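Q: Under numbering that gives the first Met the number 0, read the sequence shown as residues 0 to 169, first letter to last.
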Amino acid sequence: MGNINTHKTLILNSTFQPLSLATPQRALALLFSRKINVLKESNINLRSVEQSFFIPKVAALTYYVKAPYARRVALNRENIFIRDSYICQYCGVDAESIDHIVPKSKGGLHDWSNVVACCKKCNLLKADKQLSKTILNLQKNPTVPEGNFWIKTIIGNNPDPDWKEYLILT
Ligand SMILES: [Zn+2]
């Protein structure tokens, strides 16, 4: 039995692109106003005198929303970790901090192409040096997240397995 307090409904656009997560209250409000079609139900059952129904797990809007999400992904620690899969971009172990490839003290910018997730060890090795003055190598060049990346920032790193088939991430 799912937990209603932590339950989230994945809401898709009418084009089936992932749009957002909704609380049970919000999902039910959308359902009762016929703004969504349920694609998958959760096992959380609500009963009233007249009816019994399941809170949706995945639902699609019945109308098209021009995605307000062609927005830019906020450049913050969590999103950098998500882009870099929580892996040190120098050595491949679990990342614990963020490194500015060109150090800020040497004019490096705080932007997507100059920040990577990195581990403590590499962070110490790198310190305030230019990359070329260290033994470290980047495994790939960091880029600005594109496409549906933002949905990852909404659903987090462990999306509900029942959402998987609807999360076509680019
Ligand atoms: Zn490392």
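Glycine residues also receive a C-beta, built at the ideal position from the N, C-alpha and C atoms. Please read all numbers here as calculations on a predicted model, not as lab measurements.
Helix, strand or coil for Asp159, going by three-state DSSP, please let me know.
A: DSSP places Asp159 in coil when its eight states are reduced to three.
Q: Less than 8 Å between the C-beta atoms of Leu137 and Tyr89, yes or no?
A: For Leu137 and Tyr89, yes; Cβs fall inside 8 Å.
Q: With distances taken from CA atoms, which of Ala59, Gly155, Tyr62 and Ile86 is nearest Lys119?
A: It is Ile86.
Q: For Tyr89, verify whether its CB is less than 7 Å away from any heavy atom of ligand 1.
A: Correct: Tyr89 has its Cβ closer than 7 Å to ligand 1.
Q: Output yes or no for whether 8 Å exceeds the beta carbon distance between Leu74 and Leu11.
A: Not a contact, by the Cβ cut-off of 8 Å.
Q: Would you please state the rounded distance, in angstroms, between the beta carbons of Ile54 and Ile43? I believe it to be under 8 Å.
A: Rounded, the Cβ-Cβ distance is 5 Å, consistent with contact.
Q: Restricting to Cα atoms, I'd like to know which of Ile97, Ser13, Lys7 and Leu135 is closest to Ala26.
A: Cα-wise, what sits closest to Ala26 is Lys7.
Q: If we count the other Cβ atoms within 10 Å of its Cβ and call it buried at 16 or more, is Tyr63 buried or exposed?
A: It is exposed - the Cβ of Tyr63 has fewer than 16 other Cβ atoms within 10 Å.
Q: What separation, rounded to the nearest whole angstrom, lies between the Cα atoms of Val114 and Lys39?
A: Distance between the alpha carbons of Val114 and Lys39: 39 Å.
Q: From the DSSP secondary-structure annotation, give me the bridge partner or partners of Lys39.
A: Partner(s): Val57.
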